[in-house]
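Visitor:
Protein chains: 6
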Amino acid sequence: MLGLRRYVNQLGERENIDQVFLVADKQLRANRNGNLYLQLRLTDKTGSLTGMLWNATDGVFNSVETGNYLRVAGTTQSYNGQLQMIVTRIEPADSGKIDEQDFVTVSSEEIVRLGQRLTELLRGMKNPHLLSLAECFLVDEEFMGKLTEAPAGIKNHHAYRGGLLAHIVSLMEVCRVVAPLYAELDLDMLLMGAFLHDAGKIDELTYDREFGYSDAGQLIGHVVMVLSTVEDKVAESEQLSGTRFPPELFLRLKHLIVSHHGEYAYGSPKLPMTLEAIALHLLDNLDAKLYSVAQIMKEDASGESAWTSYNQSLGRKFFKGKPPGST
Amino acid sequence: MLGLRRYVNQLGERENIDQVFLVADKQLRANRNGNLYLQLRLTDKTGSLTGMLWNATDGVFNSVETGNYLRVAGTTQSYNGQLQMIVTRIEPADSGKIDEQDFVTVSSEEIVRLGQRLTELLRGMKNPHLLSLAECFLVDEEFMGKLTEAPAGIKNHHAYRGGLLAHIVSLMEVCRVVAPLYAELDLDMLLMGAFLHDAGKIDELTYDREFGYSDAGQLIGHVVMVLSTVEDKVAESEQLSGTRFPPELFLRLKHLIVSHHGEYAYGSPKLPMTLEAIALHLLDNLDAKLYSVAQIMKEDASGESAWTSYNQSLGRKFFKGKPPGST
Amino acid sequence: MLGLRRYVNQLGERENIDQVFLVADKQLRANRNGNLYLQLRLTDKTGSLTGMLWNATDGVFNSVETGNYLRVAGTTQSYNGQLQMIVTRIEPADSGKIDEQDFVTVSSEEIVRLGQRLTELLRGMKNPHLLSLAECFLVDEEFMGKLTEAPAGIKNHHAYRGGLLAHIVSLMEVCRVVAPLYAELDLDMLLMGAFLHDAGKIDELTYDREFGYSDAGQLIGHVVMVLSTVEDKVAESEQLSGTRFPPELFLRLKHLIVSHHGEYAYGSPKLPMTLEAIALHLLDNLDAKLYSVAQIMKEDASGESAWTSYNQSLGRKFFKGKPPGST
Amino acid sequence: MLGLRRYVNQLGERENIDQVFLVADKQLRANRNGNLYLQLRLTDKTGSLTGMLWNATDGVFNSVETGNYLRVAGTTQSYNGQLQMIVTRIEPADSGKIDEQDFVTVSSEEIVRLGQRLTELLRGMKNPHLLSLAECFLVDEEFMGKLTEAPAGIKNHHAYRGGLLAHIVSLMEVCRVVAPLYAELDLDMLLMGAFLHDAGKIDELTYDREFGYSDAGQLIGHVVMVLSTVEDKVAESEQLSGTRFPPELFLRLKHLIVSHHGEYAYGSPKLPMTLEAIALHLLDNLDAKLYSVAQIMKEDASGESAWTSYNQSLGRKFFKGKPPGST
Amino acid sequence: MLGLRRYVNQLGERENIDQVFLVADKQLRANRNGNLYLQLRLTDKTGSLTGMLWNATDGVFNSVETGNYLRVAGTTQSYNGQLQMIVTRIEPADSGKIDEQDFVTVSSEEIVRLGQRLTELLRGMKNPHLLSLAECFLVDEEFMGKLTEAPAGIKNHHAYRGGLLAHIVSLMEVCRVVAPLYAELDLDMLLMGAFLHDAGKIDELTYDREFGYSDAGQLIGHVVMVLSTVEDKVAESEQLSGTRFPPELFLRLKHLIVSHHGEYAYGSPKLPMTLEAIALHLLDNLDAKLYSVAQIMKEDASGESAWTSYNQSLGRKFFKGKPPGST
Amino acid sequence: MLGLRRYVNQLGERENIDQVFLVADKQLRANRNGNLYLQLRLTDKTGSLTGMLWNATDGVFNSVETGNYLRVAGTTQSYNGQLQMIVTRIEPADSGKIDEQDFVTVSSEEIVRLGQRLTELLRGMKNPHLLSLAECFLVDEEFMGKLTEAPAGIKNHHAYRGGLLAHIVSLMEVCRVVAPLYAELDLDMLLMGAFLHDAGKIDELTYDREFGYSDAGQLIGHVVMVLSTVEDKVAESEQLSGTRFPPELFLRLKHLIVSHHGEYAYGSPKLPMTLEAIALHLLDNLDAKLYSVAQIMKEDASGESAWTSYNQSLGRKFFKGKPPGST
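Protein chains in written order, with our numbering: chain A, 1 to 327; chain B, 1001 to 1327; chain C, 2001 to 2327; chain D, 3001 to 3327; chain E, 4001 to 4327; chain F, 5001 to 5327.
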């Protein structure tokens, strides 16, 4: 029987667990002796841990679906400084008993709210050309459907269903408050850039079942892929509005997308050369880093320590906790 | 006679000019034939250009003071793509006829306003320890006097009297609007970090007459120099408040300062390891870059072109102008 | 009167010259005293040298057109190790007396020959999809016209009218002989990649009068710009042939274009991930470097030395001459 | 009994195998419990996989020789994404039943053919000095014997007995077809450079039993080691021919060798400064990369995927397969 | 019963051992099956090896103390090229039977000797200001106590109790003999820099029980941390001596400390800008590298080979042994 | 008439000078107007300054020889922060009135002393093989003659006749005092490495008249060039001594030479892999840097400032002067 949920970030070593997790990844592997085992990444909204089910079979493997819920029983332990679970039993989750709020995926309500906020922010723009262009995207159900579904990444920031939308809206909110502080920054330009900068990820990534990269995603990349969509929408917008989309505005918009990685070393084919491009790159970086590091802190298993374990890709440990005296 | 001012960013080639400039730099140099000439950097609030006065003497050189106003007559021309002026006459500026608003230095009223805003932002903090510490800085007239006088740099961003204060307040305003968007960010910590991150520049730079680096500034640097001031103020604050300043809070504050350059390559002895340190580094970068690039665009002499000339230190040209359709 | 031509690479110091050059660049500049002079880059097929005409005027400046022929009289001299000419007179060139063969621009016959060779190489492909796609480009007169006119760069390799076509055909010839040596390499794929890899330069550069970058060229870049053209042509080809262009083939082709700069540091948004992409990157590099360095050797003014002067962008000197004993 | 061979690149998971492999590497290791096991790298001409024999002894270990054939029985499985085999029995291979063609080592016939082609290409040179020098190498049986035996590397490209010869001849073939396309390139110089650039590997590597590095190879390296051999041969050639080997030709040849790694970062003591050195570096890179990547694609175990697994040293995955429509 | 000691660098595979080791690290870990084991780093003065005790418990784990002696019985084996020991029994070491000389920690006599030598070298300085300042440090028992206890690092050079003192004295000895060879170098400045450059490690590291980093150590770092101590001591010295410590001397001293990592990439906030700072950086590097590499050679398990195994952090293997013919 | 010498480092602006200098470089250049002038680098033992003689001719140019003495009259001035001299008259120096001690070249006595010290240090070695090898070099008059004549560089450290010998002996002295402090370091190995590491410069550089690079120097480089000399001498030594030079010793010696630049980025084909190679690289760096920076400080024209002007190649300014209180 399932009792009160123990969230991942509450788990200590040697706890007996029997509750539902969202499966983020599954692999059937052989150990050195040739025996198969199932390795799962089990998540809820507070973090993730690895589960190991010994003596697995193809049947067991096929019965599990990434992106779905699974009831898992077993015991936690620490392995190489990471918390993991020795799984003793898995079974389908009773959907009636799942509280979607417990999981890291954004709830349907939240998705709806984010979608509404996106619409609101875009419709609040003053530039008639950008407004008309935004409308063409907003009424494209396929585009909006994918934008709502996609994660913002496979492993790094916002790597969950709905994560792309969450990142875009969060970045637009930052643009909205920062732009008024700099007279030279054009808010609408920034909002449109924030809306589209990562939109290529809807085709770069695959996420209807498992998260991964599409062939086009790997060979071309989201920075370049979104451009032809933008071209189509601009043509559509011109037709609908009966006005020419100013070529320079179009250039500036494409430049925002093409340069948003900010440095050649990160695969950016161009350096930011407009004020909005400079701002978009740094604020995108801010939004992604703050999310990632907060996540790293939350998921860190070295519970009692003030420090996370060493993060390879960022090249450092992080110091957890809140400043003393903060309210 | 001085007519209506022609601002630096309005000047074209081959204009005859007779008006007041603020002298940012002066040098007495010999040409290849051994004849002396005076080279001046003449500025107003819209930009700067180089002035050359042939056949100068030590006396002429000594009569000019950097950081002061000077009436300059001559003719503009373009030299290697930069606008310069062949100066034919210089004389002391008639102080009664100077409109301080025309020059890049912040006006006295603006300084007062910035100082008040700084006080307001600091006094609005909720963390009692940081509040008490801030008060110790605010009542230190020598410290506040220097903070009000200092530039934020010699050549780069905010390189004018009052520029340090302007940068600090601008950055604090950004922190103020961004922090509420991220639940994990502590606003007071960020505000205090923004207030102190560059405060070491009051002793790193020299600016009572000419802008330059002090010996300590070159050998130690502002990142490290400010720490002993902070230590003194923390001791003072503890004495005044009768409460211990939490050691972890002190560490977090010092870390914000020590890591704000963000990468080893920029002379940062530590990488940012708290959420506030990550945010401070990126927002500081944002504030400095937006100011610099906006300035580069304003000062660019290639007036009719949509592009600035190539900027060596940032490794690119910039695309000027506003997005078409913006309001 | 114009006698027998002295080619640029035959010129020594202190020669009196009166003959026709092709003007590659012109600038009206002021010297330190404010006097204007005209600075020209004078070229023929063997190299280029700088010409200085003192006491120039706007009228003189406007009378000269880059990309056109000009009769120039003056005296050569060495300045900072570079040969230059003090120009005493310029006048329009008598077009009847110009032997186009003397100049670095490819002759009309050569352009025709290169165009025919390009067609021949493309029509020799076996892959029906690529063949059909190539045909769509070949019949597009505007595209082919620009491809015939454009240089391959502003300063670096093949920086002359027709240079882009020359580089493309030269690279295709290399691909043609190298591919058969590696069983895994697909010749047609390589030929198509060589044909299109730099085709974006027809819109990245401006070259109807002076060589330069278009706004789109600077903000987006040729690597990305050509993709929408390719998309249009693929659609056209599908319509004409009535067959679907295989999506994977399309991806591979776009990948060849997107990755041809080979490394992130050179603004490549993707690293080469197919065998053809690896080969195209290295052979493109080979063709460009061999042309540039051969040109640097030809144009080098330090005539009697076995060494060219130091080349900043390649970070070295080059050793001129042929190996002893070669035939 | 051994049936029809299953090549390494045909193997899937959970296959029972009993056939001959070429042993590329062997190690006796202890697991965490202190039990010994034998780890083998088993290869044929299509790739390699790891074999694990549990409960091994020193005797078993000594009975296996790297570089020799071994009959191996066991079952395949996937371990961490790599195909491996749990070996249940090993025994000496029945030499009568080995088809040398099945293994990656070049066949004796192929070695002979490569040697003849090398001779042919060298004897086709026109430069009498290089021709005479080449002859001195060709008649040196010890040198030629080692050149025929050596691999071109331990792990990277052409890492098999005869691989050095195969790489050299392949590179010479490329030089032969590319040089005629560039008037300034000297074919003979290139051929001689291609012949000798990696010849130092005959002493840098050890390969009479196992592949490895000699002490000299590690401390000095092949780039430098071959130079004294070249010096000896030039002296010999001068004596035989009675003509002085032109000192400049000698310098150019040594420069080709010394600079062929092309960049300081790859341990090149000099950057390429002649046209031939530039071409040799890029074509060497081309030949090595195409071989390596084609090999990575062939050996990749993720059979059904279009992508190889991530390659650490090249920093990317590769996209397998042929372009659709190719013939 | 404990017989004659087998030093770590004498151990081969499959030896039965029962003797005392100094425990440098301990970890309680779970294997994949969830069973706990104890992993120890066992050291003596000749090197270290890993010991594994299967089926451990919390009680066993708590009974072991890092930094203390432990009697260990078990069998050696090689695992992934490293020598390790399968431990079968541990028990407290009989302190009466421990010969402190056998262990890598400096003996008490050695510590005393190093402390005396430090004092001697400092008291031998001629500069009265530095002499007085040194005295203030020497009489500070808490400071000297920590300086005597601390290691110079966690993993790298001199990572043992007393290692910091050993490194400082060793570096001062080098300074003492090198300075007289360069007329421009100030010996006292160098000695004082060598004394204080790493003194911040007494608070950066934790070492009363286990070696680690303090929070301040990670967030601020030893380069910066020591400065406030130096400031306090300078004030003390001024009070004691009644003379002002020359401000420039103070700056030079702080600069020596702040710049001793030598390059931005190593977290140095400043590059060395005085002759003494240049020398201190290079000689510090020399002392640390020679110690580390000698240690790597001593500890290397690949006994019979002339080469150590590949060292990740230094990016190479090392060639062991003494030059033939040396005495 | 020549009065008391004013040394280069004593010169201020606007001094009238008439005295002898050593000419380090001469160039005949044209100014923009085509008039020729002679540019000289005038040196004495304390530094160098540029001299400009207007309206020069080929005859004047040919009358001056670099590396020789010249009597020069003119007036000093500062140009772009560098002291230079407007030369009004040059004439041959009266050799009877030249005090060789005044010039940066090492005096004949000093050369003799350095040669004797070199001999002494080499003959003091204990290793019989190295001793015998050293003897073969010492008796080679051509080799020793060049070693005595050569500079250690063209522009950087020890760039004067005899500079190579001075650098070698200075480095050997450092090795002599440092080696005894590290038990693992072999002094003789280090001494021999210091003796030979830069010996290739005797053929890499040209210095019988003007300093420059030989073709071989540029194409091959001193690191590699010296190896064949060492090979010849080892053969000679074996013949003389009748003993085999231990191959490993030979390898270690070659490795010292090949790796002494220490990092790939500096053109080192190998990283240091023996203790002696690590020490030699760092001490060589120390000796070269201390010499260069001391020289930069001495030659700096910004006399009254505590700082040298910015040094491009070292990327910083330097802080001049001695520590206060030093004796």
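Glycine included, C-beta positions come from ideal geometry on N, C-alpha and C.
All values derive from a computational prediction rather than experimental measurement.
Kindly list the residues whose CB is nearer than 8 Å to the CB of F:Gly5221, restricted to its own chain and excluding five residues on each side of it in sequence; keep chain order.
Guide: So the list reads Gly5200, Glu5204 and Gly5267, once near-sequence residues are dropped.
Visitor: Enumerate, from N- to C-terminal direction, the unbroken alpha helix (DSSP H) stretches of 4 or more residues contained entirely within the stretch 142-194 of chain A.
Guide: 163-178
Visitor: With DSSP as the reference, please indicate the residues paired to A:Tyr69 in a beta bridge.
Guide: Beta-bridge pairing links A:Tyr69 to A:Leu22.
Visitor: How many whole angstroms separate the CB atoms of E:Val4008 and F:Val5178, which I take to be in contact at a CB cut-off of 8 Å?
Guide: Taking 8 Å as the upper bound for CB-CB distance, E:Val4008 and F:Val5178 are not in contact here, some 29 Å apart.
Visitor: Please report the straight-line C-alpha distance between E:Gln4218 and B:Thr1274, rounded to a whole angstrom.
Guide: 11 Å
Visitor: Applying the criterion that 16 or more other CB atoms from any shown protein chain within 10 Å of the CB defines a buried residue, is C:Gln2116 buried or exposed?
Guide: exposed
Visitor: Quick one: which chain D residues come within Cβ less than 8 Å of E:Lys4317?
Guide: Gln3218
Visitor: Are any of the Cβ atoms in chain D nearer than 8 Å to that of A:Arg176?
Guide: no
Visitor: Whole angstroms is fine: what's the gap from F:Pro5092's alpha carbon to F:Arg5071's?
Guide: F:Pro5092 and F:Arg5071: Cα-Cα distance of roughly 6 Å.
Visitor: Any C-beta of chain B within less than 7 Å: which residues of the stretch 228-245 of chain A qualify?
Guide: Against chain B - using a Cβ distance shorter than 7 Å - the stretch 228-245 of chain A contributes no residues.
Visitor: Nearest chain F C-beta to D:Val3226 closer than 8 Å, yes or no?
Guide: no
Visitor: Identify the contact partners of B:Tyr1264 in chain E, using a Cβ-Cβ distance below 7 Å as the criterion.
Guide: Tyr4264, Ala4265 and Gly4267
Visitor: Determine which residues of the stretch 4047-4079 of chain E have a Cβ less than 8 Å from any Cβ of chain A, and write them out in chain order.
Guide: So the list is empty, because no residue satisfies the distance condition.
Visitor: Suppose the cutoff is 6 Å on Cβ atoms and the five residues either side in sequence are ignored; what does the same chain contact list for A:Gly212 look like?
Guide: Thr206
Visitor: Compare the Cα-Cα distances from F:Leu5165 to each of F:Leu5133, F:Leu5114, F:Met5125 and F:Met5189 and report the closest residue.
Guide: F:Leu5114
Visitor: Assign B:Val1112 to one of two classes, buried (16 or more other C-beta atoms within 10 Å of its C-beta) or exposed (fewer than that).
Guide: exposed
Visitor: Quick check on D:Ala3030 - is its C-beta less than 8 Å from some C-beta in chain A?
Guide: no
Visitor: Would you say A:Arg6 faces chain C, with C-beta separation under 8 Å as the test?
Guide: For A:Arg6, the nearest beta carbon of chain C is not closer than 8 Å to its own beta carbon.
Visitor: DSSP state of D:Phe3250, grouped into three classes?
Guide: helix
Visitor: DSSP three-state call for B:Tyr1079: helix, strand or coil?
Guide: strand
Visitor: Can you say whether D:Thr3308 is buried or exposed, counting buried as having 16 or more other CB atoms within 10 angstroms of its CB?
Guide: buried
Visitor: Going straight from the alpha carbon of A:Ser170 to that of A:Leu280, what length do you get?
Guide: 13 Å
Visitor: Tell me, please, whether the CB atom of C:Leu2196 is closer than 8 Å to any CB atom in chain D?
Guide: So no, C:Leu2196 is outside the interface.
Visitor: Against chain F, with Cβ distances strictly below 8 Å, would D:Val3169 count as a contact?
Guide: With a threshold of 8 Å between beta carbons, D:Val3169 makes no contact with chain F.
Visitor: Compute the distance between the beta-carbons of B:Leu1253 and E:Val4224, then report whether it is under 8 Å.
Guide: no
Visitor: Can you tell me the Cα-Cα spacing of A:His260 and B:His1167, whole angstroms?
Guide: C-alpha separation (whole angstroms): 25 Å.
Visitor: Just list the beta strand (DSSP E) runs in the stretch 5271-5322 of chain F, keeping only unbroken ones of 3 residues or longer that don't cross its boundaries, in chain order.
Guide: Counting only runs of 3 or more, we get nothing.
Visitor: Figure out for me which residue from B:Pro1323, B:Ala1306 and B:Val1293 has the closest Cα to the Cα of B:Ser1313.
Guide: B:Val1293
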